[in-house]
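**Q** Protein chains in written order, with the working numbering: chain A, -18 to 132; chain B, 12 to 125.
Provided herewith is a single structure, encoded as structure tokens, for subsequent inquiry.
Right, dumping it as structure tokens:
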């Protein structure tokens, strides 16, 4: 199987997250991830893209970029937004804000679970502010784990 | 597409049953919230949400269910959910929402719990 380096750009609207989730789910399935792991990957993508649309985009026109890389060992996904500067001078995920979200997370809260889910279900999770003032979230799912044998 | 068309409402013994026939991703989650808010506005007190035909749920949708369950309980009502696929149960457990919302294996057991 050839290594892949796929680039996508979607409008900053939740309507476009479902097709991306389906595409990445099919890719993960074809790469050999277990059914359970495919569901985890799809959930993480939904959460990260949702954050990029809701918190990292000034409007629908700016778009959310995805870079999807795969090889025999892993599936790596980078989600890049451009930031929502009109909501304040700071990137939506400054370290202070991130700490606040994590410290205040509670099962009875209606929101604030997305980053926790993405961190919990991915093998590698990285978040940083990009040159555009937006947020880059990079997640990696390792393929060669005993639990990932089919089905 | 309006995903509310894939959310069917019926009633049994005074309990509203909301059957979801679409995955609850970010797009559909806002429609789920709207349907539930409409039920609250109608003063509905008892709701069962049947998720047997849902293969994906995200934290926004879970949050909507948690929020409405909490608000109903303030007035003596409740929202219970039923028939979750394994991956949905994992999502509820990961967030911790399974300790906040009552989850039942079947619609009948959820109805009987009221």
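Virtual Cβ for every residue (Gly too), placed ideally from N, Cα, C.
Keep in mind the model is a prediction, meaning the values are calculated, not measured.
Using a 10 Å radius around the Cβ and a threshold of 16 neighbouring Cβ atoms, would you call residue 67 of chain B buried or exposed?
**A** For the purposes of this step, residue 67 of chain B is taken as residue 56 along the second chain, with counting starting at 1. Flag for residue 67 of chain B reads buried.
**Q** How long is the line joining the alpha carbons of residue 90 of chain B and residue 29 of chain B, rounded to whole angstroms?
**A** On the second chain, position 79 is the one that residue 90 of chain B refers to. On the second chain, position 18 is the one that residue 29 of chain B refers to. Answer to the nearest angstrom: the Cα atoms are 10 Å apart.
**Q** In chain order, which alpha helix (DSSP H) runs of at least 4 residues are fully inside the stretch 28 to 99 of chain A?
**A** Segments of the alpha helix (DSSP H) lying fully in the stretch 28 to 99 of chain A: 76 to 85.
**Q** Report the three-state DSSP secondary structure of residue 46 of chain B (helix, strand or coil).
**A** By 1-based counting over the second chain, the position of residue 46 of chain B is 35. The answer is helix: DSSP assigns residue 46 of chain B an H, G or I state.
**Q** Based on DSSP bridge pairs, tell me the residues matched to residue 21 of chain B.
**A** Here residue 21 of chain B refers to the residue found at position 10 of the second chain. In DSSP, residue 21 of chain B forms a bridge with B:28.
**Q** Within a Cβ cutoff of 6 Å, which residues of the same chain sit near residue 6 of chain A, ignoring the five residues on either side of it in sequence?
**A** In the first chain, counting from the first residue as 1, residue 6 of chain A sits at position 25. These residues qualify, in order along the chain: 19 and 23.
**Q** Does the CB of residue -5 of chain A have a neighbour CB from chain B at under 8 Å?
**A** Counting from 1 along the first chain, the entry for residue -5 of chain A is found at position 14. Yes, its Cβ sits closer than 8 Å to a Cβ of chain B.
**Q** In angstroms, rounded to a whole number, what distance separates the CA positions of residue 85 of chain B and residue 112 of chain B?
**A** Here residue 85 of chain B is taken as the residue at index 74 of the second chain, counted from 1. Here residue 112 of chain B is taken as the residue at index 101 of the second chain, counted from 1. Cα-Cα distance, rounded: 14 Å.
**Q** So, helix, strand or coil for residue -14 of chain A, using DSSP?
**A** On the first chain, position 5 is the one that residue -14 of chain A refers to. The answer is strand: DSSP assigns residue -14 of chain A an E or B state.
**Q** Do you know offhand how far residue 71 of chain B's Cα is from residue 54 of chain A's?
**A** Here residue 71 of chain B corresponds to residue number 60 of the second chain, with the count starting at 1. Here residue 54 of chain A corresponds to residue number 73 of the first chain, with the count starting at 1. The alpha-carbon atoms of residue 71 of chain B and residue 54 of chain A are separated by roughly 31 Å.
**Q** Residues in its own chain within less than 7 Å of residue 40 of chain B by CB, not counting five upstream and five downstream?
**A** Taking the first residue of the second chain as 1, we reach residue 40 of chain B at position 29. Result list for residue 40 of chain B: 69, 71, 72 and 75, in chain order.
**Q** Could you work out which residues of chain B lie near residue 2 of chain A, taking near to mean beta carbons separated by less than 8 Å?
**A** Here residue 2 of chain A is taken as the residue at index 21 of the first chain, counted from 1. What residue 2 of chain A touches in chain B: 36 and 67.
**Q** Please state whether the Cβ-Cβ distance between residue 57 of chain B and residue 88 of chain B is less than 8 Å.
**A** Working through the second chain from its first residue, we reach residue 57 of chain B at position 46. Working through the second chain from its first residue, we reach residue 88 of chain B at position 77. Contact: yes.
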